[in-house]
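This report refers to the structure that appears directly beneath it.
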Amino acid sequence: MKSPTFYIKTFGCQQNWADSQRIASYYLARGFKQAKDLKSATEIVINTCMVRQSAEDKVTGFIRNIVKAKRHRPKVVLTGCMAGMVARDTSGKYLNTLRKRIPQVDEFLPLEEVGFNYPALRSDATHAWVPISNGCNNFCTYCVVPFTRGREVSRPFEDIINEIEELAKKGCREITLLGQNVNSFGSDLVKNTKAGYRLPSGRIVRPVMVKHLGKLRIPTLFPYLLEEVCKIEACPSKSGKAGRSGGIKTVKFISSNPWDFSDELIDVIAKNPKIDRNIHLPVQSGDDQILKKMNRWYRASEYLSLVKKIRKKIKDVQISTDIIVGFCGETEKQFQNTVKLTRAVNFAYAYIAKYSPRPNTAAAKALADDVPYIEKERRFHILDQLVNHKGTPRTAVH
(Lines of atoms letter the chains of each structure in order from A and count residues from 1; the text may use other names and numbers.)
(Lines give C-alpha, C1' and ligand atoms only; values in the text may rest on other atoms or scores of the structure.)
Protein backbone atom coordinates (compact mmCIF):
# COMPACT_ATOMS: atom_id res chain seq x y z
CA MET A 1 0.00 0.00 0.00
CA LYS A 2 1.35 3.40 -1.01
CA SER A 3 1.97 6.01 1.68
CA PRO A 4 -0.46 8.94 1.66
CA THR A 5 0.98 12.16 0.30
CA PHE A 6 0.45 15.78 1.30
CA TYR A 7 0.87 19.16 -0.36
CA ILE A 8 0.76 22.46 1.55
CA LYS A 9 -0.51 25.67 -0.04
CA THR A 10 0.27 28.76 2.04
CA PHE A 11 -1.47 32.12 1.96
CA GLY A 12 -0.55 35.20 3.99
CA CYS A 13 2.36 36.48 6.05
CA GLN A 14 5.78 35.14 7.02
CA GLN A 15 4.30 33.69 10.20
CA ASN A 16 2.04 31.49 8.07
CA TRP A 17 5.01 30.32 6.00
CA ALA A 18 6.90 29.45 9.19
CA ASP A 19 3.82 27.58 10.45
CA SER A 20 3.69 25.60 7.20
CA GLN A 21 7.24 24.40 7.77
CA ARG A 22 6.17 22.85 11.08
CA ILE A 23 2.96 21.46 9.57
CA ALA A 24 5.12 19.62 7.01
CA SER A 25 7.06 17.91 9.82
CA TYR A 26 3.76 17.10 11.55
CA TYR A 27 2.59 15.21 8.44
CA LEU A 28 5.92 13.43 7.94
CA ALA A 29 5.77 12.21 11.55
CA ARG A 30 2.35 10.70 10.80
CA GLY A 31 3.71 8.59 7.94
CA PHE A 32 2.88 10.87 5.02
CA LYS A 33 5.26 11.67 2.18
CA GLN A 34 5.59 15.12 0.67
CA ALA A 35 4.03 15.32 -2.79
CA LYS A 36 6.06 16.84 -5.60
CA ASP A 37 3.12 18.88 -6.77
CA LEU A 38 -0.54 19.59 -6.15
CA LYS A 39 -1.77 16.99 -8.63
CA SER A 40 -0.08 14.04 -6.95
CA ALA A 41 -1.27 14.79 -3.39
CA THR A 42 -3.87 12.66 -1.66
CA GLU A 43 -4.26 15.32 1.03
CA ILE A 44 -4.07 19.07 0.39
CA VAL A 45 -3.42 21.30 3.40
CA ILE A 46 -4.34 24.96 2.96
CA ASN A 47 -2.72 27.36 5.42
CA THR A 48 -5.05 30.34 5.36
CA CYS A 49 -5.02 34.07 5.98
CA MET A 50 -8.05 36.21 6.77
CA VAL A 51 -6.53 39.59 7.56
CA ARG A 52 -8.62 41.00 4.69
CA GLN A 53 -11.73 39.78 2.88
CA SER A 54 -9.63 39.51 -0.29
CA ALA A 55 -7.39 36.98 1.49
CA GLU A 56 -10.40 34.79 2.32
CA ASP A 57 -11.64 35.09 -1.26
CA LYS A 58 -8.31 33.77 -2.59
CA VAL A 59 -8.61 30.70 -0.34
CA THR A 60 -12.21 30.09 -1.41
CA GLY A 61 -11.32 30.34 -5.10
CA PHE A 62 -8.31 28.07 -4.72
CA ILE A 63 -10.29 25.29 -3.01
CA ARG A 64 -13.07 25.35 -5.60
CA ASN A 65 -10.57 25.22 -8.45
CA ILE A 66 -8.43 22.34 -7.13
CA VAL A 67 -11.41 20.14 -6.35
CA LYS A 68 -12.86 20.84 -9.78
CA ALA A 69 -9.55 20.24 -11.58
CA LYS A 70 -8.49 16.94 -9.95
CA ARG A 71 -9.87 13.69 -11.34
CA HIS A 72 -9.69 11.95 -7.99
CA ARG A 73 -10.92 14.18 -5.19
CA PRO A 74 -8.21 14.80 -2.56
CA LYS A 75 -8.89 15.31 1.10
CA VAL A 76 -8.96 19.04 1.80
CA VAL A 77 -7.66 20.24 5.18
CA LEU A 78 -8.04 23.86 6.23
CA THR A 79 -5.57 25.27 8.75
CA GLY A 80 -4.14 28.65 9.71
CA CYS A 81 -6.17 31.73 10.56
CA MET A 82 -9.52 30.61 9.17
CA ALA A 83 -9.31 27.33 11.10
CA GLY A 84 -8.28 29.32 14.17
CA MET A 85 -11.41 31.44 13.89
CA VAL A 86 -13.54 28.29 13.59
CA ALA A 87 -11.99 26.92 16.78
CA ARG A 88 -12.49 30.15 18.77
CA ASP A 89 -15.90 31.28 17.53
CA THR A 90 -18.10 29.59 20.12
CA SER A 91 -21.25 30.81 18.37
CA GLY A 92 -20.51 28.54 15.40
CA LYS A 93 -21.52 31.28 12.94
CA TYR A 94 -18.19 31.39 11.16
CA LEU A 95 -18.10 27.60 10.77
CA ASN A 96 -21.59 27.68 9.24
CA THR A 97 -20.49 30.44 6.88
CA LEU A 98 -17.50 28.40 5.71
CA ARG A 99 -19.57 25.24 5.33
CA LYS A 100 -21.79 27.13 2.89
CA ARG A 101 -18.97 28.88 1.03
CA ILE A 102 -16.53 25.96 0.80
CA PRO A 103 -18.31 22.66 1.51
CA GLN A 104 -15.32 20.89 -0.09
CA VAL A 105 -13.33 21.24 3.15
CA ASP A 106 -13.13 17.88 4.94
CA GLU A 107 -11.21 18.83 8.07
CA PHE A 108 -10.19 21.88 10.10
CA LEU A 109 -6.72 21.68 11.67
CA PRO A 110 -6.09 24.27 14.42
CA LEU A 111 -2.42 25.22 14.65
CA GLU A 112 -2.48 24.38 18.35
CA GLU A 113 -2.51 20.70 17.36
CA VAL A 114 0.87 21.23 15.69
CA GLY A 115 2.32 23.75 18.15
CA PHE A 116 6.11 24.00 18.41
CA ASN A 117 6.59 20.29 19.01
CA TYR A 118 7.63 19.62 15.42
CA PRO A 119 10.84 21.01 13.90
CA ALA A 120 10.45 23.29 10.90
CA LEU A 121 11.09 21.58 7.56
CA ARG A 122 13.17 24.27 5.85
CA SER A 123 14.44 24.31 2.27
CA ASP A 124 16.64 27.42 2.66
CA ALA A 125 19.90 26.55 4.44
CA THR A 126 21.09 30.13 4.91
CA HIS A 127 17.97 31.91 6.18
CA ALA A 128 15.33 30.84 8.70
CA TRP A 129 12.09 32.26 10.06
CA VAL A 130 11.96 31.59 13.79
CA PRO A 131 8.65 32.21 15.58
CA ILE A 132 9.15 33.58 19.09
CA SER A 133 5.49 34.04 20.03
CA ASN A 134 1.99 33.42 18.78
CA GLY A 135 -1.19 35.43 19.19
CA CYS A 136 -1.85 38.99 20.28
CA ASN A 137 -3.28 40.78 23.33
CA ASN A 138 -3.79 44.23 21.84
CA PHE A 139 -7.23 43.98 20.19
CA CYS A 140 -6.96 46.74 17.62
CA THR A 141 -10.57 47.22 16.54
CA TYR A 142 -9.96 46.25 12.89
CA CYS A 143 -7.72 43.25 13.55
CA VAL A 144 -8.83 39.63 13.52
CA VAL A 145 -5.56 38.14 14.82
CA PRO A 146 -6.65 37.81 18.51
CA PHE A 147 -9.63 35.79 17.24
CA THR A 148 -7.65 33.59 14.84
CA ARG A 149 -4.49 33.00 16.90
CA GLY A 150 -5.69 33.73 20.42
CA ARG A 151 -3.94 35.48 23.28
CA GLU A 152 -0.21 36.07 23.06
CA VAL A 153 1.96 33.13 24.13
CA SER A 154 5.77 33.41 24.16
CA ARG A 155 7.96 30.46 23.30
CA PRO A 156 10.40 29.47 26.05
CA PHE A 157 13.52 31.64 25.80
CA GLU A 158 15.82 28.61 25.88
CA ASP A 159 13.93 26.82 23.08
CA ILE A 160 14.44 29.80 20.76
CA ILE A 161 18.17 30.04 21.50
CA ASN A 162 18.64 26.27 21.10
CA GLU A 163 16.86 26.30 17.74
CA ILE A 164 18.99 29.16 16.43
CA GLU A 165 22.21 27.55 17.69
CA GLU A 166 21.28 24.37 15.79
CA LEU A 167 20.54 26.42 12.69
CA ALA A 168 23.93 28.11 12.95
CA LYS A 169 25.65 24.71 13.15
CA LYS A 170 23.94 23.76 9.90
CA GLY A 171 25.18 26.88 8.12
CA CYS A 172 22.30 29.30 8.64
CA ARG A 173 23.49 32.90 8.56
CA GLU A 174 20.31 34.99 8.67
CA ILE A 175 17.47 34.78 11.20
CA THR A 176 14.10 36.53 11.14
CA LEU A 177 12.32 36.49 14.49
CA LEU A 178 8.54 36.36 14.06
CA GLY A 179 5.60 37.37 16.19
CA GLN A 180 2.43 39.42 15.96
CA ASN A 181 4.14 41.82 18.38
CA VAL A 182 7.73 40.73 18.87
CA ASN A 183 8.68 43.54 21.23
CA SER A 184 6.26 42.32 23.89
CA PHE A 185 7.99 38.92 23.90
CA GLY A 186 8.34 37.44 27.35
CA SER A 187 5.60 39.36 29.13
CA ASP A 188 4.01 36.01 30.03
CA LEU A 189 7.32 34.39 30.97
CA VAL A 190 8.18 36.87 33.71
CA LYS A 191 6.68 35.69 37.00
CA ASN A 192 8.24 38.24 39.33
CA THR A 193 9.62 41.50 37.97
CA LYS A 194 11.50 42.27 41.21
CA ALA A 195 13.25 38.88 41.28
CA GLY A 196 14.37 39.28 37.68
CA TYR A 197 14.57 36.65 34.94
CA ARG A 198 17.28 34.03 34.50
CA LEU A 199 18.49 33.74 30.91
CA PRO A 200 19.64 30.35 29.55
CA SER A 201 23.23 31.54 30.06
CA GLY A 202 22.54 31.87 33.79
CA ARG A 203 22.60 35.66 33.74
CA ILE A 204 19.81 37.27 35.76
CA VAL A 205 18.30 40.35 34.13
CA ARG A 206 15.68 42.87 35.11
CA PRO A 207 12.78 42.74 32.60
CA VAL A 208 12.31 45.93 30.60
CA MET A 209 9.15 47.67 31.76
CA VAL A 210 7.61 49.41 28.78
CA LYS A 211 6.13 52.79 29.58
CA HIS A 212 2.93 53.90 27.88
CA LEU A 213 0.74 56.90 28.60
CA GLY A 214 2.90 57.64 31.61
CA LYS A 215 2.42 54.18 33.14
CA LEU A 216 4.49 51.00 33.23
CA ARG A 217 2.61 48.69 30.87
CA ILE A 218 4.28 45.29 30.51
CA PRO A 219 7.58 43.55 31.26
CA THR A 220 9.41 42.41 28.11
CA LEU A 221 12.48 40.28 27.44
CA PHE A 222 12.81 41.09 23.75
CA PRO A 223 15.92 43.32 24.03
CA TYR A 224 17.69 40.49 25.88
CA LEU A 225 16.58 37.93 23.30
CA LEU A 226 18.06 40.06 20.52
CA GLU A 227 21.33 40.36 22.45
CA GLU A 228 21.55 36.61 23.00
CA VAL A 229 20.84 35.81 19.35
CA CYS A 230 23.55 38.24 18.26
CA LYS A 231 26.05 36.33 20.44
CA ILE A 232 25.60 33.12 18.46
CA GLU A 233 28.92 33.23 16.63
CA ALA A 234 30.75 29.97 16.24
CA CYS A 235 29.74 27.17 13.93
CA PRO A 236 31.63 23.87 14.37
CA SER A 237 33.73 22.96 11.34
CA LYS A 238 34.28 19.46 9.98
CA SER A 239 37.25 19.08 12.33
CA GLY A 240 34.99 19.78 15.29
CA LYS A 241 36.63 23.14 16.03
CA ALA A 242 34.69 26.39 16.05
CA GLY A 243 34.94 28.19 12.75
CA ARG A 244 35.66 31.91 12.92
CA SER A 245 33.38 32.73 10.00
CA GLY A 246 30.42 30.79 11.36
CA GLY A 247 27.41 31.92 13.28
CA ILE A 248 24.48 34.24 12.69
CA LYS A 249 25.43 37.27 10.61
CA THR A 250 22.07 39.04 10.26
CA VAL A 251 19.15 39.27 12.69
CA LYS A 252 15.78 40.62 11.57
CA PHE A 253 12.42 40.83 13.31
CA ILE A 254 8.79 41.51 12.45
CA SER A 255 6.47 42.95 13.52
CA SER A 256 6.47 45.48 16.35
CA ASN A 257 3.96 47.89 17.81
CA PRO A 258 5.04 51.51 18.36
CA TRP A 259 3.82 51.59 21.97
CA ASP A 260 6.08 48.70 22.98
CA PHE A 261 9.24 50.06 21.35
CA SER A 262 11.34 50.80 24.42
CA ASP A 263 14.48 52.92 24.75
CA GLU A 264 16.32 49.75 25.78
CA LEU A 265 15.30 48.08 22.51
CA ILE A 266 16.58 51.04 20.51
CA ASP A 267 19.91 50.89 22.38
CA VAL A 268 20.31 47.15 21.71
CA ILE A 269 19.73 47.65 17.99
CA ALA A 270 22.10 50.62 17.88
CA LYS A 271 25.03 48.74 19.45
CA ASN A 272 24.58 45.46 17.53
CA PRO A 273 25.49 45.81 13.83
CA LYS A 274 24.14 42.31 13.17
CA ILE A 275 20.58 43.58 13.66
CA ASP A 276 19.02 44.65 10.39
CA ARG A 277 18.66 48.39 9.89
CA ASN A 278 15.15 48.15 8.51
CA ILE A 279 12.57 48.48 11.26
CA HIS A 280 8.98 47.66 10.44
CA LEU A 281 6.81 49.94 12.55
CA PRO A 282 3.10 49.84 11.61
CA VAL A 283 1.42 53.23 11.96
CA GLN A 284 -1.98 52.37 10.34
CA SER A 285 -3.12 56.03 10.26
CA GLY A 286 -1.75 59.53 10.69
CA ASP A 287 -4.92 60.91 12.24
CA ASP A 288 -5.42 60.94 16.01
CA GLN A 289 -9.19 60.34 15.88
CA ILE A 290 -8.83 57.40 13.53
CA LEU A 291 -6.04 55.96 15.68
CA LYS A 292 -8.32 56.17 18.68
CA LYS A 293 -11.11 54.39 16.77
CA MET A 294 -8.57 51.72 15.83
CA ASN A 295 -7.55 51.31 19.50
CA ARG A 296 -3.98 52.20 18.59
CA TRP A 297 -2.41 53.54 21.78
CA TYR A 298 -0.51 56.56 20.45
CA ARG A 299 -1.02 59.88 18.71
CA ALA A 300 0.54 60.79 15.37
CA SER A 301 2.93 63.18 17.15
CA GLU A 302 4.09 60.37 19.47
CA TYR A 303 4.77 58.12 16.49
CA LEU A 304 6.83 60.87 14.86
CA SER A 305 8.77 61.39 18.10
CA LEU A 306 9.57 57.68 18.23
CA VAL A 307 10.82 57.76 14.64
CA LYS A 308 13.05 60.74 15.47
CA LYS A 309 14.46 58.92 18.50
CA ILE A 310 15.17 55.78 16.45
CA ARG A 311 16.85 57.76 13.66
CA LYS A 312 18.94 59.73 16.13
CA LYS A 313 20.39 56.61 17.79
CA ILE A 314 20.53 54.06 14.94
CA LYS A 315 22.73 55.01 12.02
CA ASP A 316 21.39 54.37 8.48
CA VAL A 317 18.07 53.04 9.79
CA GLN A 318 15.10 52.70 7.45
CA ILE A 319 11.50 52.66 8.61
CA SER A 320 8.77 50.64 6.86
CA THR A 321 5.13 50.50 7.87
CA ASP A 322 1.54 49.28 7.47
CA ILE A 323 -1.28 51.71 6.64
CA ILE A 324 -5.03 51.15 6.36
CA VAL A 325 -7.04 53.50 4.15
CA GLY A 326 -10.79 53.96 4.26
CA PHE A 327 -11.25 52.93 7.88
CA CYS A 328 -14.71 53.50 9.33
CA GLY A 329 -15.68 57.17 9.06
CA GLU A 330 -12.33 58.32 7.68
CA THR A 331 -12.83 61.76 6.12
CA GLU A 332 -10.72 63.33 3.41
CA LYS A 333 -9.11 65.60 6.01
CA GLN A 334 -8.22 62.61 8.18
CA PHE A 335 -6.76 60.82 5.18
CA GLN A 336 -4.68 63.91 4.39
CA ASN A 337 -3.26 63.73 7.91
CA THR A 338 -1.98 60.26 6.99
CA VAL A 339 -0.49 61.69 3.81
CA LYS A 340 1.17 64.41 5.90
CA LEU A 341 2.70 61.89 8.30
CA THR A 342 3.82 59.70 5.41
CA ARG A 343 5.65 62.62 3.82
CA ALA A 344 7.25 63.53 7.15
CA VAL A 345 8.59 60.04 7.87
CA ASN A 346 9.62 59.16 4.30
CA PHE A 347 9.02 55.43 4.75
CA ALA A 348 11.30 53.02 2.91
CA TYR A 349 8.17 51.12 1.86
CA ALA A 350 4.65 50.50 3.10
CA TYR A 351 2.08 47.73 3.02
CA ILE A 352 -1.11 49.63 2.28
CA ALA A 353 -4.50 47.97 2.73
CA LYS A 354 -8.06 48.97 1.96
CA TYR A 355 -10.15 48.43 5.08
CA SER A 356 -12.56 45.52 5.08
CA PRO A 357 -14.61 44.38 8.13
CA ARG A 358 -13.40 41.20 9.83
CA PRO A 359 -15.61 38.79 11.79
CA ASN A 360 -15.92 39.32 15.55
CA THR A 361 -13.78 42.48 15.60
CA ALA A 362 -15.01 45.57 17.46
CA ALA A 363 -15.03 47.63 14.27
CA ALA A 364 -17.23 45.12 12.46
CA LYS A 365 -19.66 45.05 15.39
CA ALA A 366 -19.85 48.74 16.28
CA LEU A 367 -18.63 50.88 13.37
CA ALA A 368 -20.04 51.42 9.89
CA ASP A 369 -17.89 50.54 6.89
CA ASP A 370 -19.02 53.77 5.25
CA VAL A 371 -16.14 54.80 2.98
CA PRO A 372 -17.04 53.79 -0.61
CA TYR A 373 -14.76 51.23 -2.22
CA ILE A 374 -13.89 53.58 -5.08
CA GLU A 375 -12.70 56.13 -2.51
CA LYS A 376 -10.61 53.49 -0.75
CA GLU A 377 -9.06 52.69 -4.13
CA ARG A 378 -8.23 56.35 -4.74
CA ARG A 379 -6.61 56.76 -1.33
CA PHE A 380 -4.70 53.50 -1.76
CA HIS A 381 -3.16 54.67 -5.03
CA ILE A 382 -2.23 58.07 -3.61
CA LEU A 383 -0.25 56.51 -0.76
CA ASP A 384 1.16 53.69 -2.87
CA GLN A 385 2.51 56.22 -5.35
CA LEU A 386 3.85 58.42 -2.56
CA VAL A 387 5.68 55.64 -0.67
CA ASN A 388 6.34 52.71 -2.96
CA HIS A 389 6.86 54.52 -6.25
CA LYS A 390 8.93 57.49 -5.15
CA GLY A 391 9.88 60.21 -7.58
CA THR A 392 12.22 62.90 -6.29
CA PRO A 393 13.78 62.30 -2.86
CA ARG A 394 12.10 63.97 0.12
CA THR A 395 13.45 65.15 3.42
CA ALA A 396 12.74 62.68 6.23
CA VAL A 397 12.04 63.30 9.90
CA HIS A 398 15.31 63.65 11.84
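The numbering used here puts the first residue of the sequence shown at 479, with every later residue one more than the last. For glycine and all other residues, C-beta sits at the position ideal for the given N, C-alpha and C.
- Per the DSSP secondary-structure output, Asp800 pairs in a beta bridge with Tyr829.
- Closest in alpha carbon position to Asp666, among Lys730, Pro685, Pro835, is Pro685.
- DSSP places Tyr851 in no beta strand (DSSP E) but in the uninterrupted alpha helix (DSSP H) bounded by 851-866.
- Around the beta carbon of Ile732, 16 or more other beta carbons sit within 10 angstroms, so the residue counts as buried.
- Within the DSSP bridge table, the entry for Glu521 names Phe484, Lys553 as partners.
- Residues Met563, Val564, Pro837 of the same chain have their beta carbon placed closer than 7 Å to that of Tyr572, with the five preceding and five following residues left out of the count.
- Taking C-beta separations shorter than 7 Å and ignoring five residues to either side along the sequence, the partners of Met772 in its chain run Cys618, Thr619, Tyr620, Gln762, Ser763, Phe805, following chain order.
- In terms of Cβ geometry, Cys491 and Thr526 do not form a close pair [threshold 8 Å].
- Taking 8 Å as the upper bound for CB-CB distance, Ala513 and Ala519 are in contact here, some 4 Å apart.
- Straight across, the Cα-Cα distance linking Leu704 with Ile710 is about 10 Å.
- Here Gly558 is bridged, per DSSP, to Thr526.
- Distance from the CA atom of Glu641 to the CA atom of Val631, rounded to whole angstroms, is 18 Å.
- Glu855 and Val823 have their C-alpha atoms some 23 Å from each other.
- Of the residues Pro678, His859, Thr671, Ile541, the one whose Cα lies closest to the Cα of Glu643 is Pro678.
- Excluding its 5 nearest sequence neighbours in each direction, Leu516 has C-beta neighbours in its own chain below 6 Å: Tyr485, listed in chain order.
- Here Ser798 is near Ala826, since their CB atoms are less than 8 Å apart.
- Where Glu652 is concerned, there is no enclosing alpha helix (DSSP H), although the beta strand (DSSP E) around it starts and stops at 652-656.
- Around the beta carbon of Gln499, 16 or more other beta carbons sit within 10 angstroms, so the residue counts as buried.
- Within a 10 Å sphere around the beta-carbon of Arg681 sit fewer than 16 other beta-carbons, which makes this residue exposed.
- The secondary-structure analysis by DSSP pairs Asn612 across a beta bridge with Val631.
- Looking only at Phe586, Val803, Thr809, Asp567, the smallest Cα-Cα distance to Val623 is reached by Asp567.
- Going by C-alpha positions, Glu534 is about 10 Å away from Arg579.
- DSSP, read as helix, strand or coil, puts Leu743 in helix.
- If the five residues before and after Ile792 are omitted, its C-beta is found closer than 6 Å to the C-beta atoms of Ile747, Ala748, all from its own chain and listed in chain order.
- Residue Ser834 holds the alpha-carbon nearest to the alpha-carbon of Arg530 among Pro581, Gln582, Ser834, Phe635.
- Between the alpha carbons of Lys536 and Arg676 lies a distance of about 45 Å.
- Asn815: member of the alpha helix (DSSP H) spanning 810-823, first to last residue.
- Phe586: member of the beta strand (DSSP E) spanning 585-587, first to last residue.
- The C-alpha of Lys487 lies about 28 Å from the C-alpha of Asn866.
- As summarised for the stretch 738-792, the continuous alpha helix (DSSP H) elements at least 4 residues long and confined to that stretch are 741-749, 766-771, 778-791, given in chain order.
- Of the candidates Gly657, Glu808, Ala846, Gly657 places its Cα closest to the Cα of Arg627.
- Nearest C-alpha to Phe586 among Ile610, Ala603, Asn595, Ala561: Ala561.
- Val555 sits close to Ile524, with the two beta carbons spaced by under 8 Å.
- Burial is judged here by how many other beta carbons sit within 10 angstroms of a residue's own beta carbon; Ala846 has fewer than 16 and is exposed.
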